[in-house]
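Read the structure below first, then the notes.
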Amino acid sequence: MPHPLFTAEHEMLRRSIRSFVEKEITPHVAAWEDEGRIPLEVWRRLGELGFLGLEFPTEYGGGGADFLASVVLGEEMARCRSGGVAFSVLVHTDMSSPWLTRFGTDAQKAKYLPGIIRGETVCALGITEPGTGSDMAALATRAVRDGHVYRITGGKIFITNGVYGDLYFVAARTGAGTATRRHDGISMFLVERGLPGFTVSRKLDKMGMRASDTAELAFEDCPVPAENLLGVEGRGFQQLAAGLQRERLMAAVLALSGAQQAVDDTVSYLHQRTAFGEPLAARQVLRHRVADMATELEAARQLVYRAASLYAAAEECVTEVSMAKLFATEAANRVAYQAVQLHGGYGYMREFPVEGFFRDVRLWTIASGTSEVMREIIAKRLLT
Amino acid sequence: MKILVAIKQVPDTATQVKIAGDGRSIETAGITWIVSPYDEFAVEEALRIKEKRGQGEVVAVTLGPERAKEALRSCLAMGADRAIHVNDPAFNDADTLTTARALAAVVKQEQPGLVLVGRQAIDDDMGAVGGQLAEVLGWPCAYWIMEETIDADGQTVKAARQVEGGLEVFDVPLPAVLAAQKGLNEPRYPTLKGIMGAKKKEIKDVKAGDLGLGADAPQLSITKLEALPPRPPGRIIDGDIATAVKELVRSLREDAKAI
Ligand SMILES: Cc1cc2nc3c(=O)[nH]c(=O)nc-3n(C[C@H](O)[C@H](O)[C@H](O)COP(=O)(O)OP(=O)(O)OC[C@H]3O[C@@H](n4cnc5c(N)ncnc54)[C@H](O)[C@@H]3O)c2cc1C
C-alpha cells in the first residue's frame, strides 16, 4: 500500500525508476563497484529519462516536480544493490546542484543547469577539508579577489564525484569570521574541472560506497571567474545551512530504503535456510528479531516522511530533519548488523547483498553531518 | 494512422499469488498491478509507428475493474494519446470471448487502421483475446510478432513471427490485429514529463450498453484454483557406486516414473 504522502503520479514515477534500475543499473553494479565509478553513459541515460532534473525548472529542461519526487528517486536508486551508485547520483541531484537553483543568477543557471539535467555536467560538493569536517567554520581554503577572478588556494577531502566530476560547488573563506560569528566570511564558488591550479590529488580507497568516486582535491592559486561566485560573498555558510536539510533528508532516505531491502532479503533467506530440521523462519528468537528490525524501520520511516513533508511544504524543520537523519541512519546500521547476523556465514560473503549494504550504510552516520552533530543541533534547540 | 492497443492490468511478476477464500479467484490485497509486459511491447510498438510516420493517434483500451485505470494511465504516461476503459460490473466474469466481443465493439466505434495486443496476458496466460478479436472483426491476425513494417500508404504490414530457427514473414492487409512477442522492442520508461502529461489526457469510461452489448453468460468460467503441490525434497542415494547406480535407476523408473 503506497504511503499517503505520495500521489498517483509519484507512484507512477516510482514504477518507472524502479524498472529502469532493475533493467539498466542493477545488472551492472558489480562491475562499477570494481571500477570505482559509474560510466558516463549512465549519467547521460539518467539525464535523458529526466531523472536528474526532477525538481529543476522546466525552462532549463527540468521536470518542475516537487521534493517528494526526489524522495522517490532516492528510495528507488537505493534499491539498486550499490549504495555508491545511489550516493553518486543523489550527490549530483540533491546534495550539490540545488544550490544553483536556489542562489544562482539567471546567467549561472542558463550556463550550467541544462548540462546538469542532461547528465553531461556531473556535480560535486566540496566543503570538507583535511583539517576540518564537522566544524565548517574552521575551513581554511581561501579565495582572494584579484580583478576578474577569485584565486582559490587550499585542499578538500572526501569529495564524492570528485575524481571524475565536471562542476564543483566549493566553499572557501573570502574573509575572516568574528569571535561571535565564526561562520561569517565563507563563500561558495562554482569551480569547473580543468581550471589551472585545480588538481585531483588522490582517488581515495574506502570501506564501502565503492562505485562512487571519492577525491582529495588541491587548489593552488586557482583563478575562478568572479561571475562564478554563488550567492552572496561571505554568506556561504548561511546558504549551505539552508541546503543541508535536503542533503540530510536524502541521507536518511537512502539509508532507510536500503535497510528495508536488507530486511526483505533477510526474511526470504530465513524461509530458505533450514537448520535443525526446520526453516530458520520458524525459530521464535529469529522471528522476534525480524519483528524488531521491521518495527524500527517503520518508526524511522515515519520520522523521515514527517520531516520530508515539512521540508516539502517549506516549513521550519531543522529539528525534525536532524532527528530523522540521526534515528534513521542509526536504525539502518542496527538493521544491517542483524541482517548480516541472520544470514550467518553467507552474510559475510560478497555475493550476498547484505554484505555490501553493511559496508555502504556505515557511511550514513558520518557523512552529511555525523550523529554527534545531529545530537548537538537537536540539543541546542531543546536546551537554550 | 490510428492505432488501438488493447492492454490488460495484471499482478506484478514478483507477486506471490495466493488463492482467495472462494477457491476460484486470487487474493488481491497487497498486489502491485502492472500493465502486462507483452502489452507494453504492443504500446511501445504503436508509439514507434506513430513517431516513424510522423502522424497518427495511439489509443489504449482495456476491459477491467476501476483499478485498471491505473494501467491505462501508465500507457498514457508512455505516450498514448487517450484511453478507453470498458468498465462495467457486467463484465466481472468475462471470459476471453466476451472480452474480445467488447473490444471488437470498441474497434468498430474507433475504426483504427491497426490493433496491437500482447501475445498473452501474464496472469492467466490464455493468449486468446487477440485471435478472437480478429475473428469477431473478420480481420487478419498475426501472432508472436518480432518485427513489423507498415508500407508508406498504410495498406499492408509486413510482420515477422518467431519460429524454430528463424522468422516467418507475412504480408498482412490492413486493418489487422498483431500480437506482440518479447523482442519486438524495448519499451520506454515513462518520463516525469509523460507522467505529468498523462494526468491531463482523457480516459473515457464505457459501459456494456454504450457498446450495444448485453450481459451474456460467459462460456468459460473458473470453477476452482489449485496451488501446485510443494516440491518433494531431493534425495541423496548413499552406498558404493554400483549399488547406488542400480538404486538410482530403480528409483527413476519406479518412484519418479521418469524413465
Ligand atoms: C565516503 C564519504 C563521502 C563524503 N562525501 C563528501 C562530499 O561529497 N563533500 C564533502 O564536503 N564532504 C564529504 N564527506 C565528508 C563528511 O561530510 C565528513 O566526513 C563529516 O562531515 C565528518 O567530518 P570529519 O570527517 O572531518 O570528522 P570530524 O569532524 O573530525 O569528527 C570526528 C568525530 O568527532 C565527532 N565530533 C566532531 N565535532 C563534535 C562535537 N562538537 N561534539 C561531539 N562530537 C563531535 C564526530 O561526530 C566524529 O565522530 C564525505 C565523507 C565520506 C566518508
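Here the protein sequences line up with chains U and Y, keeping their order. Those letters in the first sequence? Residues 8 to 391, by my numbering. Those letters in the second sequence? Residues 219 to 477, by my numbering. Where is the CB? At the ideal position from N, CA and C, for every residue including glycine.
Neighbouring residues, chain Y, relative to residue i (Cβ below 7 Å)
{"i": "residue 72 (chain U)", "result": "410"}
Selected residue, minimal CA-CA separation from residue i, among the options
{"i": "residue 65 (chain U)", "options": "U:40, U:190, U:121", "result": "U:121"}
{"i": "residue 189 (chain U)", "options": "U:203, U:142, U:152, U:134", "result": "U:142"}
{"i": "residue 273 (chain Y)", "options": "Y:265, Y:343, Y:280", "result": "Y:265"}
{"i": "residue 210 (chain U)", "options": "U:163, U:336, U:79", "result": "U:163"}
{"i": "residue 217 (chain U)", "options": "U:327, U:52, U:357, U:139", "result": "U:357"}
{"i": "residue 394 (chain Y)", "options": "Y:459, Y:477, Y:335", "result": "Y:335"}
{"i": "residue 294 (chain Y)", "options": "Y:468, Y:430, Y:421, Y:440", "result": "Y:421"}
{"i": "residue 430 (chain Y)", "options": "Y:225, Y:263, Y:301, Y:308", "result": "Y:308"}
{"i": "residue 107 (chain U)", "options": "U:131, U:92, U:94, U:95", "result": "U:131"}
Any non-hydrogen atom of ligand 1 within 8 Å of residue i CB
{"i": "residue 40 (chain U)", "result": "no"}
{"i": "residue 96 (chain U)", "result": "no"}
{"i": "residue 227 (chain U)", "result": "no"}
{"i": "residue 166 (chain U)", "result": "yes"}
{"i": "residue 379 (chain U)", "result": "yes"}
{"i": "residue 257 (chain Y)", "result": "no"}
{"i": "residue 81 (chain U)", "result": "no"}
{"i": "residue 213 (chain U)", "result": "yes"}
{"i": "residue 405 (chain U)", "result": "Here chain U has residues from 8 to 391 only, and residue 405 (chain U) is not among them."}
{"i": "residue 45 (chain U)", "result": "no"}
{"i": "residue 385 (chain U)", "result": "no"}
{"i": "residue 354 (chain U)", "result": "no"}
{"i": "residue 141 (chain U)", "result": "yes"}
{"i": "residue 243 (chain Y)", "result": "no"}
{"i": "residue 284 (chain U)", "result": "no"}
{"i": "residue 133 (chain U)", "result": "yes"}
{"i": "residue 302 (chain Y)", "result": "no"}
{"i": "residue 373 (chain U)", "result": "yes"}
{"i": "residue 163 (chain U)", "result": "yes"}
{"i": "residue 391 (chain U)", "result": "no"}
{"i": "residue 376 (chain U)", "result": "yes"}
{"i": "residue 333 (chain U)", "result": "no"}
{"i": "residue 169 (chain U)", "result": "yes"}
{"i": "residue 197 (chain U)", "result": "no"}
Amino acids of chain U, ordered along the chain, whose beta-carbon sits closer than 8 Å to that of residue i
{"i": "residue 413 (chain Y)", "result": "16, 19, 20, 23"}
{"i": "residue 377 (chain Y)", "result": "Ordered by position in chain U, no residue passes the 8 Å Cβ test against residue 377 (chain Y), which lies about 26 Å from the chain."}
{"i": "residue 295 (chain Y)", "result": "19, 23"}
{"i": "residue 291 (chain Y)", "result": "15, 19"}
One or two residues paired with residue i in a DSSP bridge
{"i": "residue 235 (chain Y)", "result": "For residue 235 (chain Y), which the question treats as bridged, DSSP gives no partner whatsoever."}
{"i": "residue 110 (chain U)", "result": "Answer is none; residue 110 (chain U) lacks a bridge partner."}
{"i": "residue 334 (chain Y)", "result": "Y:223, Y:396"}
{"i": "residue 358 (chain Y)", "result": "In the DSSP output, where bridge partners are listed per residue, residue 358 (chain Y) has none listed."}
{"i": "residue 452 (chain Y)", "result": "None; residue 452 (chain Y) has no bridge partner."}
{"i": "residue 392 (chain U)", "result": "Any answer about residue 392 (chain U) is impossible in this case: the structure gives chain U only from 8 up to 391."}
{"i": "residue 232 (chain U)", "result": "U:156"}
{"i": "residue 206 (chain U)", "result": "U:225"}
{"i": "residue 39 (chain U)", "result": "Note: residue 39 (chain U) sits in no beta bridge, so no partner."}
{"i": "residue 175 (chain U)", "result": "U:131, U:198"}
{"i": "residue 385 (chain Y)", "result": "Y:380"}
{"i": "residue 2 (chain U)", "result": "Examination of residue 2 (chain U) is not possible in this model, given that chain U is present from 8 through 391 alone."}
Neighbouring residues, chain Y, relative to residue i (Cβ below 8 Å)
{"i": "residue 27 (chain U)", "result": "407"}
{"i": "residue 182 (chain U)", "result": "Near residue 182 (chain U) there are no residues of chain Y at all, since even the closest Cβ is about 41 Å away, more than 8 Å."}
{"i": "residue 56 (chain U)", "result": "407, 409"}
Per-residue contacts from residue i into chain Y (C-beta, under 9 Å)
{"i": "residue 61 (chain U)", "result": "410"}
{"i": "residue 76 (chain U)", "result": "410"}
9 Å Cβ cut-off: residues of chain U touching residue i
{"i": "residue 417 (chain Y)", "result": "15, 16"}
Q. For the stretch 209-227 of chain U against the stretch 156-169 of chain U, are there 3 or more C-beta pairs whose distance is under 8 Å?
A. yes
Q: Please confirm if the stretch 365-380 of chain U is in contact with the stretch 230-241 of chain U, defined as three or more CB-CB distances below 8 Å between the two stretches.
A: no
Q. Using 8 Å as the threshold, is the stretch 263-282 of chain U in touch with the stretch 344-352 of chain U, meaning 3 or more CB pairs across them?
A. yes
Q: Check whether the stretch 56-76 of chain U touches the stretch 120-139 of chain U, taking contact to mean three or more Cβ pairs, one atom from each stretch, closer than 8 Å.
A: yes
Q. Quick one: any contact between the stretch 75-87 of chain U and the stretch 9-21 of chain U, if contact means 3 or more CB pairs under 8 Å?
A. yes
Q) Taking three-plus beta-carbon pairs below 8 Å as touching, is the stretch 140-157 of chain U in contact with the stretch 197-214 of chain U? A) no
Q) Is the stretch 191-202 of chain U close to the stretch 249-269 of chain U, with three or more CB pairs under 8 Å? A) no
Q: Would you be able to state if there are at least three C-beta pairs under 8 Å between the stretch 252-269 of chain Y and the stretch 331-350 of chain Y?
A: yes
Q) Are the stretch 243-251 of chain U and the stretch 281-298 of chain U touching by the rule of at least three beta carbon pairs closer than 8 Å? A) no
Q.
Does the contact criterion of 3 or more C-beta pairs under 8 Å hold for the stretch 374-385 of chain Y versus the stretch 340-355 of chain Y?
A. no
(Q) So, does the stretch 222-239 of chain Y touch the stretch 270-286 of chain Y, judging by three or more C-beta pairs under 8 Å? (A) yes
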